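Asks: Chains as they are written, first to last, in my numbering: chain A, 1 to 294; chain B, 1 to 327; chain C, 1 to 323.
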Amino acid sequence: MQLMEKIRTIAKRYDIKRKWFRFSRSPLSVVGLVVVAVVIFLALAAPFITPYPRQAGLQTNLRDKFLPPSSKNLFGTDQLGRDVFTRTIFGFQYSLMMAGVVLLLVVPPGVVLGLIAGYYRGGWVDMAIMRISDVFIAVPPLVLALSIASVLTPSAFNAMMAVSLMWWPWYTRLTYNATSSVRNEYFVQASEVMGENSFRIMFAEILPNCLGSILTKITLDVGWVILLGSALSFVGLGAQPPTPDLGTMVAGGSIFLPGQWWISMFPAVAIIVVILGFNLLGDGIRDIFVEETR
Amino acid sequence: MEPFLEVKNLSVGFKTYLGKLNVLNGVDFTLRESEKVGIIGESGCGKTSTMKAILGILASNAVIEGGGISFRGHDMLKIRKKQLNQIRRKNLTMIFQDPTAALNPVFKIEELLGDVIKYSGDFDHEKATKKVLRKKSIEALKEVSLPDPERVLDSYPFQLSGGMRQRVCIAMSLATAKDLLIADEPTTSLDVTIQDQVLRLMKDLVNKRNLSIILISHALGTIRNTVDTVYVMYAGNMIESSETAKLFSNPLHPYTQGLLKSVPKLSGEGFSEGIPGRIPDYINPPPGCRFNPRCKHAMEICRKERPRLLEVNADNHKVACWLYNKG
Amino acid sequence: MEKNEDLLVVENLTKHFKTSFGVVRAIDEINFTVKSGETFGLVGESGSGKSTTGYVVMGIYTPTSGRILFKGNDLSMHAKKRPKSFKKDLAIVFQDPASSLNPTKTVKDVIGQPLRIQGLAKTREERDKRVSELLDAVELPPQDFKERRPKDLGGGERQAVAIARAIATNPSFIVLDEPTSALDVSIQAKIMKVLMRLQQELNLSYLFITHDLSLMRNVSSRVAIMYLAQIVEFAPTPIFFRNPVHPYTQMLLSSIPVLTDDEEKLKPKEITSRGEVPSAINPPSGCRFHTRCPFATEKCKTKQPSFVTVEPEHQVACHVATK
């Protein structure tokens, strides 16, 4: 049928079969892929598959507070009687959204700056871009994020801004290194000699050859951004209650340990699962792009 | 006499995402003690894979489909790891094509060479002090004609030239090889004048120590000047073997003939057409003789049955070709 | 351009690179000419500067001093500063087929790139047609190869694609930097035949760079030998091989591995090569070859030899051989 043909052509153009083979050689990568797929599905379907969707928002149920896990509340209820299971699933939604926004803000400028610095390596452009990014990299991530977030009013938005501001240089550095090594390959020289304009060389010749490391990093970073965001929320600098942010939930439930352990434990496990899933997936993606021996 | 090294009907495949590559297709190969043998073949013919099979260093996706390798009576395919290591330590060793990749760049030559000598089994390695090892290392470097061995020992690999690095690799392998040296394109990455020097050196050392050597190369001239017996390999099979001079003056297999014609001559006769076609697809190799699609003498039987490597005219010149092996 | 007119003139060309180890003197005042329709061979080992020469001619590097004249025009600058019309007249084929093609592009894109840049085929159909023509010219069936990627091609096929890309804009001059060194012997023969045929059909001039003298013997009309950034001997090919004068040339020729006894007889008396190639950062004084030369005299250590004509069109820079 038409659709099958189309899929086949796309698969051939992007060499999907070879990529899948390399990816699936490690069973853990497949596990990561499955976990990520499940998390994404849950995040997207959250409003439809959770039993008490409004308890992810402002609704409370004080009559049913501190209930242990049961068939009615799979993960129990928290101090305001809200279903922990529902809030955890919405927590996935929130975390992925945050990671998505941060990476969307960080990756394009970071990569472009790295491309330019790497292409004009040795010139003042290189120096300017790389020294500025060095300044940001020199400060430990959590310290920088905390400093920024504490200066601004605590909110989800400001937490994302703080994380973005210290995240971009890593992409610049990664792309800079990848660009520097590709830049001296013969095919780039050939393009220059032919008279290709620099812009096209950077984006159409060099960038596709850097995609492997960039994609790998993006996947691994989802986990890190979520972790960082949760850390900020945990200390109260990120999402504010009643937002169902996993870090906030862990923090909020920590005072009730160990008695009502379920309030903190399930969100904590959820954080671990998400990060682990993306890490395993990232390893798999890296395997796809490992250089073939000639 | 028990054969020194015998590869019998060896078939090896490699699993890939496209399917199984049936590379080695019944390789037959023998080596006697103190014999100098060369293997000629173009890229992808399986010569390196054969050597890796002998040394037990095939990739993890390799599948031994059949045949056997015996070295001094040991079954190299079924041997236990401990014994294999002992053989690798005492009897056989390999020199690779790229000396830069073969030397760990973060160690000085002193450490690299000293390590090899320490565990070579020549003496009790418990008693090996740094001074003793250094003395032995210098001797080893002098044997490969490296000028200023003291300075070489104190250098890192990147501080040495390609020729010097390869000589260090040769010194390292001679420290352990008592029986057999396998050299895989040892001089291909070197300049012509240095190639000459290094090959002469290898020849001298091999003669002096009575080693056997398997020299692999696609550079026909290199082979001609260095070994006594030559095997020609194509698409996973040994298709011709004979004494060196005879092979070059009277090649029998159509592939060998085509190959020799392709080499540009110093007498300036221009270029031949090369050999039409390309090497076979190992996933679906042609039945019978794997060279048949490219051979202008191909007959019906060539497409059906694989010819074995058999002697022609009782002068130790063997060919695997239906033109010569009539039944 | 008339056949045998001077197409490329290289005058006193020098190229030095500043590195953290010192100044690498890659090329030091070399002079040569390539005539229209001929193949000029540049021979040398690693460190001789032969590849660098090709790159400077193409504009990949800017000369440190000296001039490059192409069809009478001064092209002594980096490719980026050269007028667009000249970019389509010169092309290069690199030594390593694996890295001379962008692994993420299809063959069609690779060959189509110069067409697009020079505006030679405006519509997609025109480009497609031209790409197919070019693939035919290098004996690769277009239907099979157009959509493939470099990683699925063998070395010989990749080089054929690189050659197709080089002739795409109908250049008059191509620099061939060791085009077959990385290829198997039987494929080398095929590619060389393609190059020779294209030269005839398209009236191309080649600057052929290699270290393989047997190859050079069959391909070039004139040869220059480079050692450590300088040219040491020049001659038309048959004369050169019949009567090599410079000790380095003799050393090179005597170390070529040949396959037949007939060829052995054609080689000069054996000069065993000695020592390592000196560094290009601190080249030896006087004649740069004196450290390895079995005939070196005191004069060789101090004074640089200048070219002496030993027979018509045959020039050598050596004190001892041209006494």
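The beta carbon of each residue, even a glycine, is placed where N, CA and C say it ideally should be.
These numbers were taken from a predicted model, which means no experiment stands behind them.
1. Have a look at the DSSP bridge pairing and note the partners of Phe17/C.
2. With Val23/C and His16/C assumed to form a contact (beta carbons below 8 Å), what rounded beta-carbon distance in angstroms separates them?
3. Measure how close the beta-carbons of Pro264/B and Cys295/B come, nearest whole angstrom, since I'm counting them as under 8 Å.
4. On a CA-only basis, which of Arg274/C, Ile187/C and Asp177/C is nearest Met216/C? Give me that one, please.
5. So, is the C-beta of Leu18/B closer than 9 Å to a C-beta in chain A?
6. Taking 9 Å as the threshold (beta carbon to beta carbon), is Met192/C in contact with chain B?
7. When Cβ atoms are compared, which residues of the segment 42-63 of chain C fall closer than 7 Å to chain A?
8. By DSSP, does Thr272/C sit in helix, in strand, or in coil?
9. Look at Val107/A and Met160/A and say whether their C-beta atoms are less than 9 Å apart.
10. Since Leu133/B and Arg167/B are thought to touch, with beta carbons under 8 Å apart, how far apart are those beta carbons, to the nearest angstrom?
11. Using Cβ-Cβ distances below 7 Å, what residues of the segment 192-206 of chain A are close to chain C?
12. For Asn209/A, go through chain C and note every residue whose CB falls closer than 9 Å to its CB, in chain order.
13. Give the secondary structure of Glu326/C by DSSP, where H, G and I count as helix, E and B as strand, and everything else as coil.
14. Could you name the residues of the segment 16-46 of chain A whose beta carbon sits closer than 7 Å to any beta carbon of chain B, in the order they occur along the chain?
15. Starting from Leu201/B, trace the alpha helix (DSSP H) both ways and give me its first and last residue.
16. Spell out whether any CB of chain C is found under 9 Å from the CB atom of Arg294/A.
17. Output the distance between the C-alpha atoms of Arg294/A and Ala190/A, rounded to the nearest integer angstrom.
18. When the Cα atoms are used, what is the spatial distance from Arg183/A to Asn73/C?
19. In the structure shown, what three-state DSSP assignment does Asn12/C receive?
20. Taking 8 Å as the line, does the beta carbon of Gln118/C fall inside it for any heavy atom of the ligand PLP?
21. Would Ile214/B count as contacting chain C if we go by Cβ distances under 9 Å?
22. Please check if any C-beta of chain C sits within less than 9 Å of the C-beta of Ala101/B.
23. Express the C-alpha separation of Ile138/B and Glu311/C in angstroms, rounding to a whole number.
24. Mind listing, in chain order, the continuous alpha helix (DSSP H) runs of no fewer than 4 residues lying wholly within the segment 151-206 of chain C?
25. Please report whether the beta-carbon of Val23/B lies at a distance below 9 Å from any beta-carbon of chain C.
26. Can you give me the Cβ contacts of Met130/A inside the same chain, cut-off strictly under 6 Å, excluding the 5 residues immediately before and after it?
27. Taking three-plus beta-carbon pairs below 8 Å as touching, is the segment 220-235 of chain C in contact with the segment 149-169 of chain C?
28. Is the segment 76-91 of chain C touching the segment 46-65 of chain C in the sense that three or more CB pairs, one from each, lie closer than 8 Å?
29. Based on the DSSP secondary-structure assignment, which residues constitute the bridge partners of Gly90/C?
30. Take the Cβ of Gln188/C as the centre, count every other Cβ of all protein chains shown within 10 Å, and call the residue buried at 16 or more, exposed below.
31. Which residues, in order along the segment 262-281 of chain B, keep a beta-carbon less than 9 Å from a beta-carbon of chain C?
32. Looking at the C-beta of Phe307/C, does it have a partner C-beta in chain A at a distance below 9 Å?
33. Please name the residue, chosen from Arg165/B, Gly114/B and Glu269/B, that lies closest to Asn218/C on a Cα-to-Cα basis.
34. At 3 residues or longer, what runs of the beta strand (DSSP E) sit wholly inside the segment 11-52 of chain B?
35. Verify whether the separation of the beta carbon atoms of Val316/C and Leu207/C is less than 9 Å.
36. Shorter than 9 Å from the beta carbon of Met251/C to some beta carbon of chain B?
Replies: Per the coordinate set shown:
1. Val24/C
2. 5 Å
3. Contact doesn't hold; Cβ gap of about 23 Å is too wide.
4. Asp177/C
5. yes
6. yes
7. Met58, Gly59 and Ile60
8. coil
9. no
10. That pair is no contact at about 19 Å.
11. Glu192, Val193, Met194, Gly195, Glu196 and Glu205
12. Asn102, Pro103 and Thr104
13. In the structure as shown, chain C begins at 1 and stops at 323. Residue 326/C is therefore absent and cannot be evaluated.
14. Lys17, Arg18 and Phe21
15. Val192 to Arg209
16. Bear in mind that the predicted position of Arg294/A carries a pLDDT of just 33, short of 50, making it unreliable; the figure below should be weighed with that in mind. Answer yes: the Cβ-Cβ gap between Arg294/A and chain C drops below 9 Å somewhere.
17. Low per-residue confidence applies at Arg294/A: pLDDT is 33, beneath 50, and the placement is therefore not dependable, though the value from the model is reported in the following sentence. Going by the C-alpha atoms only, they are around 20 Å apart.
18. 29 Å
19. strand
20. Within the structure as shown, the ligand PLP is missing, as the structure has no ligands at all.
21. no
22. no
23. 49 Å
24. 155-167 and 185-202
25. no
26. Ala117
27. no
28. yes
29. The sequence as given places Leu at residue 90/C; Gly does not occur at that position. Paired residues: Phe173/C.
30. buried
31. Ser262, Val263, Pro264, Lys265, Leu266, Ser267, Gly268, Glu269, Gly270, Phe271, Ser272, Glu273, Gly274, Ile275, Pro276, Arg278 and Ile279
32. no
33. Glu269/B
34. 19-31 and 36-40
35. no
36. yes
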